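Chains as they are written, first to last, in this note's numbering: chain H, 3 to 477; chain A, 4 to 504.
Even glycine gets a Cβ: it sits at the ideal position worked out from N, Cα and C.
Being a predicted model, the structure only gives us computed values, none of them experimental.
What follows is a single structure, written as structure tokens, with notes after it.
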Amino acid sequence: MAIVPEITVLIGAAAFFALSLFKRLEANQVKNTAVGFGVISLLAALIGVNDQASLFFDSYRIDLYSQLFKLLIAFGLTVALIFGRELKDIDEEVRPEYYLFLLLSALGLMMLVSSVELITIFVSLELSSFALYLLVPMRSDARGMRIQMEAGIKYILFGVMATGFMLFGMSYLFGLTGTTYLQEILAALPQAPQPAALFAVIMVMAGFFFKLAVFPMHFWVPDIYQGAANETTGFIATVPKLGAVALLIRITTLAPGGDMTLIYLLMFLALCSMFYGNLSALVQTDVKRMLGFSGIAHAGFILLGLLTLDPGGYAIAMYYIAGYVIMNLACFLVLCAVSREGENLAIEDLKGLHQRQPVLALILAVGLFALAGIPPFVGFMGKFMLLTGALSAGGENTIYLWLVILAAINTAIAIYYYLSVVRVAYTADPEDRPVVAVDGLNKAVGIILVVLIIIMGAMPAKIIAVADAAVKTIM
Amino acid sequence: MDNLIINEGFPLLSFLIFLPLAGALVMLVFHGESFARFWTLAVTTVVALCSLPLVSGFDPTTAKYQFAEFHQWIPRFHINYVLGMDGISVLLVMLTTLIMPFCVLASWKYIQKRVAAFMICLLIMETSMLGVFVALDFVLFYILWEFMLIPMYLLIAIWGGPRKVYASIKFFLYTLAGSILLLVAIIALYLKNGSFYIPDMMWQQYSTTFQILVFLAFFLAFAIKVPMFPFHTWLPAAHVEAPTAGSVILASILLKMGTYGFLRFCLPITPDATFALAPYILWLSIAGIIYGGFTALAQNDMKKLIAYSSVGHMGFVTLGIFVLNSQGLEGAIMQMINHGVTTGALFLCVGMIYERTHSRELDVAAGVGKYMPWYVTYLAFFSLSSFAFPGTNSFIGEFLVLAGTFKENVPLALAAIPGAVLAAAYMLRLLQRVVWGRATNPDQSHLKDLNLREIVTLAPFLLFVFWIGLGPQPFIDMMHTSVVSLLDQLHSWQQQGMALR
Numbered sequence: 003m004a005i006v007p008e009i010t011v012l013i014g015a016a017a018f019f020a021l022s023l024f025k026r027l028e029a030n031q032v033k034n035t036a037v038g039f040g041v042i043s044l045l046a047a048l049i050g051v052n053d054q055a056s057l058f059f060d061s062y063r064i065d066l067y068s069q070l071f072k073l074l075i076a077f078g079l080t081v082a083l084i085f086g087r088e089l090k091d092i093d094e095e096v097r098p099e100y101y102l103f104l105l106l107s108a109l110g111l112m113m114l115v116s117s118v119e120l121i122t123i124f125v126s127l128e129l130s131s132f133a134l135y136l137l138v139p140m141r142s143d144a145r146g147m148r149i150q151m152e153a154g155i156k157y158i159l160f161g162v163m164a165t166g167f168m169l170f171g172m173s174y175l176f177g178l179t180g181t182t183y184l185q186e187i188l189a190a191l192p193q194a195p196q197p198a199a200l201f202a203v204i205m206v207m208a209g210f211f212f213k214l215a216v217f218p219m220h221f222w223v224p225d226i227y228q229g230a231a232n233e234t235t236g237f238i239a240t241v242p243k244l245g246a247v248a249l250l251i252r253i254t255t256l257a258p259g260g261d262m263t264l265i266y267l268l269m270f271l272a273l274c275s276m277f278y279g280n281l282s283a284l285v286q287t288d289v290k291r292m293l294g295f296s297g298i299a300h301a302g303f304i305l306l307g308l309l310t311l312d313p314g315g316y317a318i319a320m321y322y323i324a325g326y327v328i329m330n331l332a333c334f335l336v337l338c339a340v341s342r343e344g345e346n347l348a349i350e351d352l353k354g355l356h357q358r359q360p361v362l363a364l365i366l367a368v369g370l371f372a373l374a375g376i377p378p379f380v381g382f383m384g385k386f387m388l389l390t391g392a393l394s395a396g397g398e399n400t401i402y403l404w405l406v407i408l409a410a411i412n413t414a415i416a417i418y419y420y421l422s423v424v425r426v427a428y429t430a431d432p433e434d435r436p437v438v439a440v441d442g443l444n445k446a447v448g449i450i451l452v453v454l455i456i457i458m459g460a461m462p463a464k465i466i467a468v469a470d471a472a473v474k475t476i477m
Numbered sequence: 004m005d006n007l008i009i010n011e012g013f014p015l016l017s018f019l020i021f022l023p024l025a026g027a028l029v030m031l032v033f034h035g036e037s038f039a040r041f042w043t044l045a046v047t048t049v050v051a052l053c054s055l056p057l058v059s060g061f062d063p064t065t066a067k068y069q070f071a072e073f074h075q076w077i078p079r080f081h082i083n084y085v086l087g088m089d090g091i092s093v094l095l096v097m098l099t100t101l102i103m104p105f106c107v108l109a110s111w112k113y114i115q116k117r118v119a120a121f122m123i124c125l126l127i128m129e130t131s132m133l134g135v136f137v138a139l140d141f142v143l144f145y146i147l148w149e150f151m152l153i154p155m156y157l158l159i160a161i162w163g164g165p166r167k168v169y170a171s172i173k174f175f176l177y178t179l180a181g182s183i184l185l186l187v188a189i190i191a192l193y194l195k196n197g198s199f200y201i202p203d204m205m206w207q208q209y210s211t212t213f214q215i216l217v218f219l220a221f222f223l224a225f226a227i228k229v230p231m232f233p234f235h236t237w238l239p240a241a242h243v244e245a246p247t248a249g250s251v252i253l254a255s256i257l258l259k260m261g262t263y264g265f266l267r268f269c270l271p272i273t274p275d276a277t278f279a280l281a282p283y284i285l286w287l288s289i290a291g292i293i294y295g296g297f298t299a300l301a302q303n304d305m306k307k308l309i310a311y312s313s314v315g316h317m318g319f320v321t322l323g324i325f326v327l328n329s330q331g332l333e334g335a336i337m338q339m340i341n342h343g344v345t346t347g348a349l350f351l352c353v354g355m356i357y358e359r360t361h362s363r364e365l366d367v368a369a370g371v372g373k374y375m376p377w378y379v380t381y382l383a384f385f386s387l388s389s390f391a392f393p394g395t396n397s398f399i400g401e402f403l404v405l406a407g408t409f410k411e412n413v414p415l416a417l418a419a420i421p422g423a424v425l426a427a428a429y430m431l432r433l434l435q436r437v438v439w440g441r442a443t444n445p446d447q448s449h450l451k452d453l454n455l456r457e458i459v460t461l462a463p464f465l466l467f468v469f470w471i472g473l474g475p476q477p478f479i480d481m482m483h484t485s486v487v488s489l490l491d492q493l494h495s496w497q498q499q500g501m502a503l504r
């Protein structure tokens, strides 16, 4: 019974496989079915949040940690399905297939967060990745530019390369310890020769750095964000990152304690991601590209939680990625609603949004201010706790102090590009841009996201306590 | 927690903070234009009335934090929800609550588009401003301190003048960039103390290097907010473009947060660094006074003139704080209140002219005296107050500051005197032009004098100008114990340090 969320999503995927065999389908039915499966999986994840089990020869663990991540994945999936249900830029003919792959990807991610064995991890990761590779080129080719094809090819090539790194690292782990179970690797790795063990851990991490878009595994981000349909990007930008963080935390627990090499490497990658992401985002004109670069910077922030090598830091990283997903979903909800035919939005397309649709402007402003780390939103609380955690992990070591100062300076850089979008939405004249229609369901979901952003930011104590308890189950 | 006097009864401070926020939430649902105006006026008036018990119940014989509330908030990081008010903050809280209804009145006709959104911004501003003055937990303080940027940004960016986009972005980036390192300093202090509770951070044995670094981080944040020369460049832009209510809030309350920060945090948390760096800050204050005066003298835009005069006035405040004696500190706090009253009123006056002529140019407003007698009467009194004419409020503040400065450092005080003269020069220039004007006056006969709403708006300001000017003792009594206790601790700290050396 413990794997009900996975089974729901699997049934959903199978249903869409069956649907895709028929020729003529009501577009409405297809999208309602998809949203229905999303909601059911969310309920299933909610009910199963306290389940505990160990399945498939102990390679699959159901615990609070995995169930929380599944809940977040199901939530992200449902929200993405709801605001993306018009699928404006996807051909009606391929919509059942689109949903099939979307649900398969979510299934892969749900399996990923429960996997505690290398082969299982690999299979789950590839299931989720390959489904995503297929989603990208499904955008309709109305403009004859074939940018979605370019994006799809880039995505698969970079993805396969990252997988190669990861497999290479896994082979080392197996070679050094003679087992594929994380628990046994954790016990055996300290006796393994250095630096081979460290190298293996870093290589495995590289695969997930790709998913999370950490420098230098970030190259795919801007083009894929731009080339994929808005709805697809909304999914890629949020849900897979949950799986990446879940596994990065698991892998980091393998790392040998007291060794500074890994910590310095993570610091370096964190700072590079922040500076690269924020500085590049400053000059973007396409909103999705800008959010992509901002995502790279946020990935850098999440590394601040990992490099403490401390359960407290991992819990904060969990909190931060949950907040990040919610903030980003809020932004993409607005983008999908404003984009009339699924075209990409330039920043100036948001001109005068405040007059064209005040609710959307408010949701966008809250989402962006939260991403920028302005209190009292979740983005601020997350950054604040990450910085506190990193500084306290450093003790007397001044390198940590510099890390925190540079990270704080990055917050100041980032504010500019978030603010310029808010500025356009609130102060610019709409000129001849039309009123944006938004239906009740989208409005309701957007307001729920805004409320979550504020509540998570203003009252984080309970959430952090749950994350702490979850991290304890994997240590 | 022994320096808190816990308020067991009705949580008055929390009520005052959250009432405007609740009022703003109501307007998310009901947003008719005239409803928004009356509702906001009602909410701010209720807050003002409910804040009166803070004065009557205030015990001026103790330096402890009164009306305090203490609740756990985020135990994992030892963050608490702590509020409290002492002699330093009580007057600032009162200034905030009393000035807000008049900001609403001043926006009654001035704001014609998106009224409800404007009023929501005003109410959210009130929540965060009150919170900043009474927060005793550093994270709570920081959250409110930063959060305030959003409504203030929107006030300028949506309802501002022609260069609103530039001014609002500059304001936002400047103040945000300044407070980034404040956050790092707060975290560093937490790691030394194990708590974000502000009074626990005071008078601790930190190393001098640590103190200097923390002080500099504080200084950057607060000096930008004050704004001290040379961090003042955002101020004229923001003032000129902001709507009247925004300018009043900015001048009367927001600027005080910087100097409040110096008093509340720099002096007690980093005393060694304060002693070491005070001389530099004193001379920066003098530079601000002189620079603000000369620049104000050259302005033709009335709002800009008053904005630069603020740089000079706030220079007197920082001067008073960092001479570190009781006259100086009390003068500085008085000057904070005075500047809030006088400059707020002057911005209201400029706003009233702007509503009539749609220009802030001195030449366009020249010679309205003949047709607007009520108006120029008010303007004359506030101008006199602005350059510290004896009998008005600013005289008390500036006199105390200068007396304190003469006691510590005569050359410094002598250097500040030209600033006072310059203030008279630029204010009299403004007054003379507006009342009499010149031969090239535009025809002002179509201008209507102040209506009842405007007369009522300005009257309380005038009341306070003379009340503080003629009978300042009750105000000084409120703060005296807290100031003396702060200075006692500071001086015994200094002697301890010398004894150790």
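Query	Result
Just to confirm, is the Cβ distance from A46 (chain H) to P7 (chain H) under 8 angstroms?	yes
How do the region 168-176 of chain H and the region 203-218 of chain H stand: do at least 3 beta-carbon pairs fall below 8 angstroms, yes or no?	yes
Can you say whether E401 (chain A) is buried or exposed, counting buried as having 16 or more other CB atoms within 10 angstroms of its CB?	buried
Can you tell me whether DSSP reads Q115 (chain A) as helix, strand or coil?	coil
Could you name the residues of chain H that I506 (chain A) contacts, counting a contact when the two beta carbons are closer than 7 angstroms?	Shown here, chain A extends from 4 to 504; a query on residue 506 (chain A) therefore has no answer.
Scan the region 411-445 of chain H for residues whose Cβ lies nearer than 7 angstroms to a Cβ of chain A and list them as they occur along the chain.	I411, T413, A414, I417, Y418, L421, R425, Y428 and T429
Have a look at A:G26, A:K67, A:I189 and A:S17 and flag the residue whose alpha-carbon is nearest the alpha-carbon of S488 (chain A).	A:K67
Given this structure, state the Cα-to-Cα distance separating G35 (chain A) from D89 (chain A), to the nearest angstrom.	40 angstroms
Restricting to Cα atoms, I'd like to know which of H:E233, H:G325, H:Q286 and H:L393 is closest to I84 (chain H).	H:E233
What is the residue span of the beta strand (DSSP E) that G87 (chain A) lies within?	I82 to M88
Can you check whether the CB of L57 (chain A) is closer than 8 angstroms to the CB of M97 (chain A)?	yes
Counting only beta-carbon separations shorter than 8 angstroms, does A180 (chain A) have a partner in chain H?	yes
How many angstroms separate the CA atom of V118 (chain H) from the CA atom of L127 (chain H)?	12 angstroms
My output table needs one value for W76 (chain A): the three-state DSSP class, helix, strand or coil.	strand
From what residue to what residue does the alpha helix (DSSP H) around R97 (chain H) run?	R97 to S116
Give me the residue from A:M375, A:T346, A:C269 and A:I114 with the minimum Cα distance to M305 (chain A).	A:T346
Please tell me whether V532 (chain A) and A368 (chain A) are closer than 8 angstroms, where the distance is taken between their beta carbons.	The question about residue 532 (chain A) has no answer, for chain A in this structure spans 4 to 504.
So Y193 (chain A) contacts chain H; which residues on that side make the cut at Cβ distance below 9 angstroms?	T390, L393 and S394
Which residues in chain H sit within 7 angstroms of W76 (chain A), going by Cβ to Cβ distance?	A463
If the cut-off is 7 angstroms on Cβ atoms, which residues from the region 51-82 of chain A count as contacting chain H, listed in chain order?	W76, I77, P78, R79 and F80
From the beta carbon of V336 (chain H), is the nearest beta carbon of chain A less than 8 angstroms away?	no
Closer than 8 angstroms, Cβ to Cβ, to anything on chain H: give me those residues from the region 31-43 of chain A, in chain order.	none
Taking M163 (chain H) as the reference, give the member of H:D434, H:S56 and H:F221 with the closest Cα.	H:F221
Could you compute how far the alpha carbon of S182 (chain A) sits from the alpha carbon of P436 (chain H)?	39 angstroms
Note the first and the last residue of the continuous alpha helix (DSSP H) segment covering Y193 (chain A).	K167 to N196
What does L505 (chain A) pair with, by DSSP beta-bridge criteria?	What the structure shows of chain A is the stretch from 4 to 504, and residue 505 (chain A) is not part of that stretch, so it cannot be assessed.
Using Cβ-Cβ distances below 7 angstroms, what residues of the region 217-236 of chain A are close to chain H?	none
Indicate the three-state DSSP secondary structure (helix, strand or coil) for D351 (chain H) in the structure shown.	helix
Let me make sure I understand the geometry here. Which of H:L102, H:F58 and H:S68 has the alpha-carbon closest to that of K33 (chain H)?	H:L102
Using 10 angstroms around the beta-carbon of S495 (chain A), count the other beta-carbons present and answer buried if the total reaches 16, otherwise exposed.	exposed
I want to verify the contact list: residues of chain H whose CB lies under 8 angstroms from the CB of E129 (chain A), in sequence order.	Here the premise fails: no neighbours, minimum Cβ distance about 16 angstroms.
Can you find a C-beta in chain A that's less than 8 angstroms from the C-beta of I123 (chain H)?	no
Tell me the rounded alpha-carbon separation between G294 (chain H) and L139 (chain A).	39 angstroms
For the putative contact between L362 (chain H) and V423 (chain H), defined by C-beta atoms under 8 angstroms, what is the C-beta separation to the nearest angstrom?	Contact flag wrong, Cβ pair sits at about 13 angstroms.
Cβ of E244 (chain A) less than 8 angstroms from any chain H Cβ?	no
Examine chain A for any beta-carbon lying closer than 8 angstroms to the beta-carbon of M387 (chain H), and answer yes or no.	yes
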